[in-house]
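What follows is a set of notes on a single structure, which appears directly below.
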Amino acid sequence: MAAFFSPSPDRLSIADISKRNIAYTLIAILLVTLVYSVFLGRRQYFKSKTYDPADSYGSVITEFANNVAKTNGAVQEGFAYLISGVVEEKEEFIRWSDSLASHPASFTQLAKRLPAQDVDIVARFSTIENLQKRMGDVAQKMFAEYETVGNVDLSTFEEFELLVDQFATQSDSLQRILNRRFLDADRALQLENSLVEQQLAWMAVGGGILILIVAVLIHRSYFAFSKNRDDALKRIGESEERFRHIFENEPHITQLIDVSGNIIEINPAGKRRLNLAEGKYNQSLFQFVDKKFHPELDRKLTGISTGCGPIQLDLVLLSPETEPFETETTLVPITSGQGDMFTILVISIDVSERIERENELRSQQNKLIHANRVNTMGELVSNVAHELNQPLTSIVNYGFLISMYADKTADKDFSSLADEIQNESVKASEIVSGLRRLVSKKDTPQTQTCLNTLVRKSNALLSNDLMDEGISLQECLDEHIPSVECDPVQIQQVYINLARNAIEAMENVKHRPKQLQVETRVNADGEPELVVRDNGTGIENTDMHHIFDAFYSQKTNGMGMGLAISRTIAESHGGRLLVNSTVAEGTEFKLILPAKLRGAA
Amino acid sequence: MNQSIQKVAIVDDELGIRKSLSALLDAVQLESFTFESAEDFLATDSFEQFDAMIVDFRLPGISGIDLVKRLRDAGLKIPTVLVSGHGELEIDHLLQLHPDIKFLKKPFRPAELFAILGVEIGKRVT
Numbered sequence: 311m312a313a314f315f316s317p318s319p320d321r322l323s324i325a326d327i328s329k330r331n332i333a334y335t336l337i338a339i340l341l342v343t344l345v346y347s348v349f350l351g352r353r354q355y356f357k358s359k360t361y362d363p364a365d366s367y368g369s370v371i372t373e374f375a376n377n378v379a380k381t382n383g384a385v386q387e388g389f390a391y392l393i394s395g396v397v398e399e400k401e402e403f404i405r406w407s408d409s410l411a412s413h414p415a416s417f418t419q420l421a422k423r424l425p426a427q428d429v430d431i432v433a434r435f436s437t438i439e440n441l442q443k444r445m446g447d448v449a450q451k452m453f454a455e456y457e458t459v460g461n462v463d464l465s466t467f468e469e470f471e472l473l474v475d476q477f478a479t480q481s482d483s484l485q486r487i488l489n490r491r492f493l494d495a496d497r498a499l500q501l502e503n504s505l506v507e508q509q510l511a512w513m514a515v516g517g518g519i520l521i522l523i524v525a526v527l528i529h530r531s532y533f534a535f536s537k538n539r540d541d542a543l544k545r546i547g548e549s550e551e552r553f554r555h556i557f558e559n560e561p562h563i564t565q566l567i568d569v570s571g572n573i574i575e576i577n578p579a580g581k582r583r584l585n586l587a588e589g590k591y592n593q594s595l596f597q598f599v600d601k602k603f604h605p606e607l608d609r610k611l612t613g614i615s616t617g618c619g620p621i622q623l624d625l626v627l628l629s630p631e632t633e634p635f636e637t638e639t640t641l642v643p644i645t646s647g648q649g650d651m652f653t654i655l656v657i658s659i660d661v662s663e664r665i666e667r668e669n670e671l672r673s674q675q676n677k678l679i680h681a682n683r684v685n686t687m688g689e690l691v692s693n694v695a696h697e698l699n700q701p702l703t704s705i706v707n708y709g710f711l712i713s714m715y716a717d718k719t720a721d722k723d724f725s726s727l728a729d730e731i732q733n734e735s736v737k738a739s740e741i742v743s744g745l746r747r748l749v750s751k752k753d754t755p756q757t758q759t760c761l762n763t764l765v766r767k768s769n770a771l772l773s774n775d776l777m778d779e780g781i782s783l784q785e786c787l788d789e790h791i792p793s794v795e796c797d798p799v800q801i802q803q804v805y806i807n808l809a810r811n812a813i814e815a816m817e818n819v820k821h822r823p824k825q826l827q828v829e830t831r832v833n834a835d836g837e838p839e840l841v842v843r844d845n846g847t848g849i850e851n852t853d854m855h856h857i858f859d860a861f862y863s864q865k866t867n868g869m870g871m872g873l874a875i876s877r878t879i880a881e882s883h884g885g886r887l888l889v890n891s892t893v894a895e896g897t898e899f900k901l902i903l904p905a906k907l908r909g910a911a
Numbered sequence: 120m121n122q123s124i125q126k127v128a129i130v131d132d133e134l135g136i137r138k139s140l141s142a143l144l145d146a147v148q149l150e151s152f153t154f155e156s157a158e159d160f161l162a163t164d165s166f167e168q169f170d171a172m173i174v175d176f177r178l179p180g181i182s183g184i185d186l187v188k189r190l191r192d193a194g195l196k197i198p199t200v201l202v203s204g205h206g207e208l209e210i211d212h213l214l215q216l217h218p219d220i221k222f223l224k225k226p227f228r229p230a231e232l233f234a235i236l237g238v239e240i241g242k243r244v245t
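Taken in order, these protein sequences are the chains called A and B.
Under my numbering, think of the first position of the first sequence as 311, with each following residue one higher.
Under my numbering, think of the first position of the second sequence as 120, with each following residue one higher.
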């Protein structure tokens with residue numbers, strides 16, 4: 311049941327969706343930032359690993375010092391040879407001198423290994439190497455002089471010494487420069503490293519802040535989402551409650567069935583009407599439908615789909631306790647949320663009582679029509695009889711006079727002829743009276759009748775006419791009015807006659823609201839009265855004397871029998887029918903019935 | 120009704136009835152006065168002069184029965200014959216109240232009327 315009435319899945323607003331998008335975007339940015347940070351960090355790390363200017367300076371300085379030291383060592387060997395004449399010393403020197411050209415850490419080679427190539431330093435390296443070579447060459451020359459002459463030319467020796475001095479000066483100077491460069495590079499490296507560290511630290515802080523913001527946003531949008539969801543659930547719950555309430559209190563038989571007709575749910579009114587025990591409704595709708603209607607219901611259920619609107623059909627339903635009853639049934643397909651699954655709401659309105667009421671109304675109308683016909687006939691004959699009786703009375707009178715005069719003149723034959731005129735006239739009158747007796751309903755059933763009930767029943771018959779003419783009906787009914795013994799059909803006919811006349815009298819009323827008043831009351835003499843009042847055109851004085859006469863009508867389509875019949879009915883009940891009218895203001899008819907039925911009929 | 124009846128009022132809206140009844144009363148030497156309606160009758164001040172009245176039950180305006188009721192209510196007990204083409208229920212009621220009022224159903228035989236008025240006509244009633 312609950313799942314069925316849930317009208318739709320959770321609905322989130324556009325705002326919620328855009329908030330979620332923002333959160334996703336931020337998360338993406340965060341991820342990109344993190345990846346980039348890692349990339350930067352890694353690059354920095356490898357950069358410092360693969361290329362360290364301080365390190366290169368260090369190795370160059372070390373080898374530079376080695377080279378200088380070896381040179382100094384060789385020079386010492388050379389001097390030692392010249393002083394001692396030990397050949398090994400000379401050979402050491404020669405080995406050093408020969409290796410200069412192919413030395414891997416020669417000064418020019420070292421210069422190429424420097425991290426920063428600068429022309430001045432490279433030149434200095436070349437200068438030192440030149441000095442080295444010249445020292446080698448001058449030393450060879452000294453050795454040759456020493457070996458051939460046994461003495462070294464002073465000028466050559468001085469040249470050598472000068473070279474050694476220059477070498478020492480130049481190498482010291484370059485050594486200092488290299489040391490300084492090494493320190494500079496080291497400091498720069500330190501600086502760069504600390505800068506990278508700083509950058510990484512900032513990145514970490516920025517990342518942290520971003521993470522925080524994203525976390526807050528996610529948190530907030532989650533709560534907004536969950537609040538929305540709670541609200542939506544609450545709304546669904548409320549609407550569920552409302553639907554449930556309607557379903558429970560729907561006065562007609564209301565069921566929920568599946569497409570094959572199985573009852574899923576039925577409301578209390580339906581359980582009562584179909585006489586179902588509590589909880590025991592896992593049956594098919596078809597069990598409660600008259601067999602004759604099965605094919606139609608089956609067809610409708612097959613044809614039904616989610617897209618189509620409500621389907622109407624007439625069904626006769628069966629209940630184990632009562633007679634089968636006619637219903638006007640409506641099938642409403644209802645989607646239950648997922649795909650093509652749907653259920654059908656079946657509302658059956660029991661129209662049996664309405665049909666019965668309509669039949670009753672119709673039979674009452676038929677009775678009235680019949681009574682009207684009989685009464686019209688009766689009134690017609692009665693009036694003809696009355697009118698014939700007048701001249702017949704005169705004929706009898708004249709016949710009597712002739713007979714009287716004939717007696718005086720002793721003309722017996724003449725007298726008897728005049729007597730015959732009288733006799734035949736009386737016979738004619740009797741024939742007319744006989745005809746009247748034939749059509750008049752002498753033995754109408756007299757029953758105790760409540761005038762108020764009679765008026766209300768009749769008003770149901772009049773309601774269409776009243777509505778068509780735009781007339782408002784006012785009922786002032788005395789609830790304590792005693793019942794009258796009468797023929798209810800006849801009295802109803804009088805009332806309907808009077809009411810119809812009133813409606814017609816108001817046909818041409820334009821500038822005031824049309825009102826029909828019906829009043830029942832007990833008059834001063836204790837007699838029950840029925841008063842019908844209209845605010846129509848009224849009756850002209852010249853017409854007033856004739857309105858109860860038969861065949862007297864102001865209406866173009868009237869027979870002029872209505873009021874004549876009404877008066878006859880009133881009088882046949884021992885009552886009276888009175889009229890009171892003012893032209894242009896309205897007319898009042900008053901039917902007065904006797905308080906108690908007269909003793910003998 | 121007593122023998123001293125001389126003047127009779129006839130109240131009937133039918134001219135034919137008024138004429139034939141007048142002729143009938145003339146024939147037995149009774150003086151007749153005709154009125155077309157109850158209103159006409161009431162318009163004459165001197166009802167007392169009438170020894171009897173013949174009134175049609177159904178009259179336009181004030182009906183015959185209402186006329187009789189009014190006169191009785193006013194204390195005027197003029198001997199009365201009500202005539203009507205119908206057998207009216209209301210008449211039964213009135214006759215029960217005032218047994219001296221007579222009723223004749225149209226068409227009645229003149230002898231019946233004379234019998235009520237106490238007129239000797241020396242004529243056999245058939």
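Even glycine gets a Cβ: it sits at the ideal position worked out from N, Cα and C.
>> Can you look up K610 of chain A in the DSSP assignment and give me helix, strand or coil?
In response: helix
> What did DSSP end up calling K224 of chain B once you bin it into helix, strand or coil?
Replying inline: strand
>> Less than 9 Å between CB atoms is the rule here; does H217 of chain B satisfy it with respect to chain A?
In response: no
> Listing by chain order, which chain A residues have their CB less than 7 Å from the CB of I136 of chain B?
Replying inline: Q700, T703 and S704
>> I believe E373 of chain A touches L420 of chain A by the beta-carbon criterion, under 8 Å. Please report the beta-carbon distance rounded to the nearest angstrom.
In response: 6 Å
> To which residues does DSSP link R831 of chain A through a beta bridge?
Replying inline: A:E839
> What are the boundary residues of the alpha helix (DSSP H) that includes A433 of chain A?
Replying inline: V429 to V459
>> Give me the chain B residues within the contact set of V736 of chain A, using Cβ-Cβ distance strictly less than 8 Å, ordered along the chain.
In response: P226 and R228
> Which residues in the same chain as G761 of chain A place their Cβ atom closer than 7 Å to its Cβ, once the five residues preceding and following it in sequence are excluded?
Replying inline: Correcting the residue identity first, residue 761 of chain A is Leu in this sequence and not Gly. Within the same chain, L761 of chain A has close Cβ partners I791, V794, T830, P838 and L840.
> Going along the chain, which residues of its own chain have a beta-carbon closer than 6 Å to the beta-carbon of R583 of chain A, five neighbours each way excluded?
Replying inline: I563
> Going along chain B, which residues have a C-beta under 7 Å from A695 of chain A?
Replying inline: G204
> Whose C-alpha, out of A:I332, A:D859 and A:L888, is nearest the C-alpha of Y532 of chain A?
Replying inline: A:I332
> Is the Cβ of N707 of chain A closer than 9 Å to any Cβ of chain B?
Replying inline: yes
> Excluding sequence positions up to five away, which residues of its chain have a Cβ less than 8 Å from the Cβ of M854 of chain A?
Replying inline: V889 and S891
> Quick one, which residues of the region 133–162 of chain B are near chain A if we go by CB-CB under 8 Å, in chain order?
Replying inline: E133, G135, I136, K138, S139, L140, A142, L143 and A146
>> Measuring straight from C-alpha to C-alpha, what distance separates V661 of chain A and I644 of chain A?
In response: 25 Å
>> With a threshold of 9 Å between beta carbons, is G237 of chain B in contact with chain A?
In response: no
> Rounded to the nearest angstrom, how far is the Cβ of V448 of chain A from that of T466 of chain A, given a contact under 8 Å?
Replying inline: 7 Å
> If you follow the beta strand (DSSP E) that N685 of chain A is part of, which residue opens it and which one closes it?
Replying inline: That residue, N685 of chain A, is in no beta strand (DSSP E); its alpha helix (DSSP H) goes S662 to K718.
> Quick one: any contact between the region 695–709 of chain A and the region 136–145 of chain B, if contact means 3 or more CB pairs under 8 Å?
Replying inline: yes
> Quick one: what does DSSP say D624 of chain A is sitting in, helix, strand or coil?
Replying inline: strand
>> Which residue marks the beginning of the beta strand (DSSP E) containing V886 of chain A, and which one marks its end?
In response: Going by the sequence as given, residue 886 of chain A is Arg instead of Val. Run containing R886 of chain A: R886 to T892, per the beta strand (DSSP E) assignment.
> Got a sec: which bits of the region 158–192 of chain B sit with their beta carbon under 7 Å from any beta carbon on chain A, in order along the chain?
Replying inline: P179 and G180
>> I'd like to know if G688 of chain A contacts chain B, where contact means its C-beta is closer than 9 Å to some C-beta of that chain.
In response: no
>> Quick check: is the beta carbon of L711 of chain A nearer than 9 Å to any beta carbon in chain B?
In response: yes
>> Going by DSSP, what residue range makes up the alpha helix (DSSP H) through I875 of chain A?
In response: G872 to S882
> For K767 of chain A, which residues of its own chain have a beta-carbon under 8 Å away from its beta-carbon, when the five flanking residues on both sides are left out?
Replying inline: Q674 and Q802
>> Any heavy atom of the ligand FMN closer than 8 Å to the beta-carbon of D185 of chain B?
In response: This structure does not include the ligand FMN; it has no bound ligands of any sort.
> Where in the region 475–548 of chain A do unbroken runs of the alpha helix (DSSP H), each at least 4 residues long, occur, reported from the N-terminal end onward?
Replying inline: none
> Taking just the CA atoms, how far does E387 of chain A sit from S394 of chain A?
Replying inline: 10 Å
> So is K900 of chain A in contact with chain B if we call contact Cβ pairs under 9 Å?
Replying inline: no
>> To the nearest angstrom, how far is the alpha carbon of A313 of chain A from that of F652 of chain A?
In response: Confidence at A313 of chain A is low in this model, with a pLDDT of 44, below 50, so the placement of that residue should be treated as unreliable; the coordinate-derived value is given next. Roughly 12 Å between the two C-alpha positions.
> Residues in its own chain within less than 6 Å of S863 of chain A by CB, not counting five upstream and five downstream?
Replying inline: G870
> Any chance the region 669–684 of chain A sits against the region 770–785 of chain A, with 3 or more Cβ pairs inside 8 Å?
Replying inline: yes
>> Does L903 of chain A come out as helix, strand or coil in the three-state DSSP assignment?
In response: coil
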